[in-house]
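Numbering (our numbering), first residue to last: 26 to 326.
Every residue, glycine too, gets a C-beta built ideally from N, C-alpha and C.
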Amino acid sequence: MTIAILSRGPSLYSTQSLVRAVREAGNQVKVIDHMGCDLSITQNKPMVYYYGRDCKDFDAVIPRIGASVTTHGAAVIRHFELMGCFSTLTSAALLRTRNKLSALQILACHGIDIPRTIMPSTRAMAHGFLDKIGRPPYVIKVASGTHGAGVLKAESKQAAINLLDAFYQLKEMVIVQEFVAESAGRDIRIIVVGDKVVAAMERRSNSNDFRSNLHLGGSSTLVELSEKEREIAIEASRLMGLQVAGVDILRSKRGPLVLEVNASPGLEGIEKTTGIDIAAHIVKLIEAELIEHRKRDYEGD
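Right under this line is the structure:
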């Protein structure tokens, strides 16, 4: 089996962990910078080229697509899909999860509890609309941000309106959420592979920052999940159409709230915290999927 890892950072921990896991399973692997991929769009014969060489011999791809190149990354993934290549992340699922508003709409409409959320269209609407999610403080998020970027806390209604004004001028789509005080500076990252929870950790802020992202200097510890938290994480991943997901949950007085579902979760923090080889679980998923695909192809002949 030959697997391509779509990554712009071949030396990054997550990429290297996947490379190791693929090789340890006895498979071949190549790291490809998806920004260097050229796409040939011909009737009934789509092809991906990487610096002039065709990519027809890959059995599967593991996309690691950064937020800033989502559109291009999705196009490359889609082309591999059209070539019949299995991908641990579909192009549709990537686009669905990268927009926070779209993701929350899907989750909430299927019964997944989330922090109370609004998207006011104008300053005039914001003033009264903020009352729908309760009293301040409020959390304001850019719809396409990752790793805690574009996430701000407004201590008052006026501060929230001022921040929204600034984002409106920048033509940014933003959402406003309730501030869940009992989980301030803490959340739980759950990794789902296939239809199973394989690892979880609690992340905590190391300062007065209410964001717990490890990219911002937070720390992490082992955490015991409730059965409900496991079920919610698996269902959230399924609703997003993901084979591999990082589901972020807040523990609130109302119960578990899904904060976000990540299509390309980092492996370093959670593998080091839990000691669990998540990359190996991903490779096993690919092997099982390819066996199933070949079985279906054989039965169809």
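What residue range does the beta strand (DSSP E) around residue i cover?
i: LYS253; result: It is not in any beta strand (DSSP E) - LYS253 instead sits in the alpha helix (DSSP H) that spans 252-264.
i: ARG121; result: Per DSSP, ARG121 belongs to no beta strand (DSSP E); it is in the alpha helix (DSSP H), 116-123.
i: GLU53; result: It is Gln, not Glu, that sits at residue 53 in the sequence shown. Start and end: 53-57.
i: TYR74; result: 72-75
Who are the Cβ neighbours of residue i in its own chain at under 8 Å, not counting the five residues just before and after it?
i: LYS253; result: GLY280 and PRO281
i: HIS135; result: GLU260 and LEU264
i: GLY294; result: ARG214, MET226, ARG228, LEU239 and SER245
i: ILE137; result: ILE257, GLU260, ALA261, LEU264 and VAL283
i: ALA46; result: ASP302, ALA304, ALA305, ILE307 and VAL308
i: HIS152; result: LYS182 and ILE186
i: PRO71; result: LEU64, SER65, HIS104, LEU107 and MET108
i: ARG148; result: ILE186, LEU189, ASP190 and TYR193
Which partner residues does residue i have in the DSSP bridge list?
i: VAL167; result: VAL199
i: SER181; result: Bridge partners of SER181: none, in fact.
i: THR246; result: GLU227
i: PHE192; result: None; PHE192 has no bridge partner.
i: ASN287; result: GLY271
i: PHE111; result: ALA85
i: LYS221; result: VAL218
i: THR147; result: Paired residue(s): none; THR147 is not in a bridge.
i: ASP302; result: Per DSSP, none; premise fails for ASP302.
i: THR96; result: Per DSSP, none; premise fails for THR96.
i: LEU282; result: LEU275
i: ILE213; result: GLU227 and ILE274
i: VAL176; result: LYS166
i: ASP79; result: TYR74
What are the start and end residues of the alpha helix (DSSP H) that includes residue i?
i: ASP63; result: ASP63 -> not in any alpha helix (DSSP H); beta strand (DSSP E) instead, spanning 62-65.
i: GLY294; result: 293-299
i: ALA29; result: Segment 27-31 is the beta strand (DSSP E) holding ALA29; no alpha helix (DSSP H) there.
i: VAL47; result: 38-49
In angstroms, rounded to a whole number, what distance separates the CA positions of residue i and residue j?
i: LEU129; j: ALA50; result: 36 Å
i: LEU126; j: MET144; result: 8 Å
i: ILE316; j: MET150; result: 54 Å
i: GLY271; j: PRO290; result: 5 Å
i: HIS306; j: LEU275; result: 25 Å
i: THR142; j: SER262; result: 20 Å
i: ARG48; j: PRO35; result: 15 Å
i: GLU203; j: LYS178; result: 10 Å
i: ASN287; j: ILE186; result: 28 Å
i: ASN131; j: LEU284; result: Note on residue identity: the sequence assigns Ile, not Asn, to residue 131. Going by the C-alpha atoms only, they are around 13 Å apart.
i: ASP9; j: VAL44; result: Here the chain covers residues 26 to 326 and nothing more, so residue 9 does not appear.
i: VAL164; j: ALA225; result: 24 Å
i: LEU188; j: LEU310; result: 43 Å
i: ASP190; j: GLY300; result: 45 Å
i: VAL101; j: VAL73; result: 8 Å
i: LYS297; j: VAL94; result: 27 Å
i: ARG160; j: LYS55; result: 51 Å
i: ALA85; j: LEU31; result: 11 Å
i: VAL222; j: ARG255; result: 7 Å
i: ILE303; j: PRO162; result: 36 Å
i: VAL199; j: VAL269; result: 26 Å
i: GLY109; j: ILE66; result: 14 Å
i: THR96; j: ARG103; result: 11 Å
i: TYR193; j: GLY98; result: 27 Å
i: PRO88; j: THR40; result: 10 Å
i: ILE90; j: ILE158; result: 33 Å
i: ALA184; j: ASP273; result: 26 Å
i: GLU197; j: ASP156; result: 22 Å
i: ASP212; j: GLU314; result: 31 Å
i: PRO140; j: LYS81; result: 44 Å
Looking only at its chain, what residues have a beta carbon closer than 6 Å to the beta carbon of residue i, apart from the 5 residues adjacent to it on each side?
i: PHE154; result: ILE143 and PRO145
i: LEU37; result: none
i: LEU250; result: ALA225
i: LEU120; result: ALA99
i: GLU312; result: none
Identify, in the order they occur along the chain, each residue of the same chain with its Cβ nearer than 7 Å to the Cβ of residue i, setting aside the five sequence neighbours on each side.
i: GLU106; result: SER112, THR115 and SER116
i: TYR75; result: ILE57, GLY61 and CYS62
i: SER277; result: VAL205, GLU207 and SER208
i: ALA118; result: MET265, GLY266, LEU267 and ALA288
So is residue i in contact with chain C if we call contact Cβ pairs under 8 Å?
i: LEU267; result: Of the chains in the structure shown, none is chain C; there is only one protein chain.
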